[in-house]
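Enquirer:
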Amino acid sequence: MEETREISALFHLIDDPDIEVYSTVSDRILSLGSNIIPNLEHLWENTPEEAVQERIELLIHRLQYCELSQDFARWKALPEPDLLAGALLVSKFRYPDLQVSQVLQDIEKMRRNIWLELNNYLTPLEQTNVLTTILYNYYHLKGTDINYSEPNDFLLNNVLESKKGNAISNGILYLVLCDLLDIPIRAIPIPRQHILAYFDVEQGQWDALPNNPSNRISFFIDPMSGQVYSQKDVETYFRRISVPPTAHFFRPLTNIRIIQILLEEFARCFDNDSQRYKYEELMQLSQLLGE
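See below:
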């Protein structure tokens with residue numbers, strides 16, 4: 001953005017010790033939108049005072065967050081919000097300048113390697129074994145316990161780079177590949193777990209699932225390792241946690257709901273005094289998707 005007299009005057013007042021003055025200045029800067037971010041970055045580079053740099057950083061973050069909120073609103077409004085696009089929006093909260101093209105290339109390489117091993121004669125279990133073998137053995141994807149001191153474990157771009165993620169992020173990668181390969185695997189809301197299920201359903205017929213779709217599930221997959229579980233295994237789990245296996249737990253989660261869960265869990269990485277504003281912003285994004 002061209003630096004006008006007004007912008008120059010605003011920048012001179014960023015270090016004003018009067019909170020009311022600074023509040024007025026910051027509100028005006030924010031009203032100018034994300035186009036002013038390069039100007040703020042230039043100002044940051046030429047500002048020696050650490051306290052002023054922190055103010056500039058916060059302004060840049062707030063501008064990026066405003067733009068990200070708009071992106072989430074547009075994503076939610078799509079007829080069929082894409083899971084990959086939603087996951088990358090979450091990544092942009094931490095990495096605003098994320099190069100999405102590299103992520104898409106990595107995903108496409110994975111998809112092609114799996115597709116080359118698939119054919120129409122494979123059983124559902126054989127299909128799943130192909131995907132699992134390539135993902136966890138060939139690419140050496142590892143699953144880690146959910147650790148809120150490791151925020152990168154929640155982000156798809158980092159999972160692809162480090163080949164390490166938790167059950168939520170690994171599950172999203174698994175689901176993205178299934179969607180690209182027309183494999184009918186979906187996430188389901190089994191309590192205290194992040195589990196995937198292979199549904200006996202044709203593409204385009206998801207809306208025709210019965211009220212209790214558990215009998216349409218062939219088997220379950222743990223995205224931490226790709227391990228397959230049977231109906232009996234899941235029934236045993238429900239007995240162990242003393243929760244009745246009602247129909248709700250076997251209905252596929254929507255892509256919007258999966259991204260909500262990701263946002264809420266990712267937010268817990270910032271549930272501390274120093275980064276509380278990030279926690280609140282992520283929870284606001286989740287609420288935006290639920291409105």
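Mapping to full-length UniProt numbering: the sequence shown position 123 is 123, numbers consecutive. Using N, Cα and C, we set each Cβ at its ideal position, and we do this for glycine too.
1. For the 8 Å Cβ check, are there 3 or more pairs between the stretch 53-73 and the stretch 88-101?
2. For G226, which three-state DSSP category applies?
3. Among N39, L177, S274 and P184, which residue has its Cα nearest to the Cα of R251?
4. Three-state secondary structure (DSSP) at K142?
5. Compare the C-alpha of P96 against each of P79, L155 and T128 and name the closest.
6. For V103, which option in D271, L88 and W115 has the closest C-alpha, if you only look at C-alpha atoms?
7. Answer with buried or exposed for Q99, where buried requires no fewer than 16 other C-beta atoms within 10 angstroms of its C-beta.
8. Using CA coordinates, which residue listed in I60, L125, L209 and V176 is at the minimum distance from Y229?
9. Give me the Cβ distance between I221 and L196, rounded to the nearest whole Å; I'm assuming they're in contact under 8 Å.
10. Within the continuous alpha helix (DSSP H) that includes S23, where are the two ends?
11. What are the residues that DSSP puts in a beta bridge with R186?
12. Taking one C-beta from the stretch 111-125 and one from the stretch 134-143 each time, how about it: are there three or more such pairs within less than 8 Å?
13. With I168 and E265 assumed to form a contact (beta carbons below 8 Å), what rounded beta-carbon distance in angstroms separates them?
Expert: Reading it off the structure:
1. Contact between the stretch 53-73 and the stretch 88-101 is present: 3 or more CB-CB pairs across the two stretches fall below 8 Å.
2. Three-state result, G226: coil.
3. For the residues N39, L177, S274 and P184, the minimum Cα distance to R251 belongs to P184.
4. Note: K142 maps to strand in three-state DSSP.
5. Ranking the options by Cα distance to P96, first place goes to L155.
6. With distances taken between Cα atoms, V103 lies closest to L88.
7. That one is exposed.
8. Ranking the options by Cα distance to Y229, first place goes to L125.
9. I221 to L196, Cβ: 4 Å. Contact.
10. Where S23 is concerned, the enclosing alpha helix (DSSP H) stretches over I19 to S31.
11. A197.
12. Yes, the stretch 111-125 touches the stretch 134-143.
13. About 6 Å separates the two Cβ atoms, so the contact holds.
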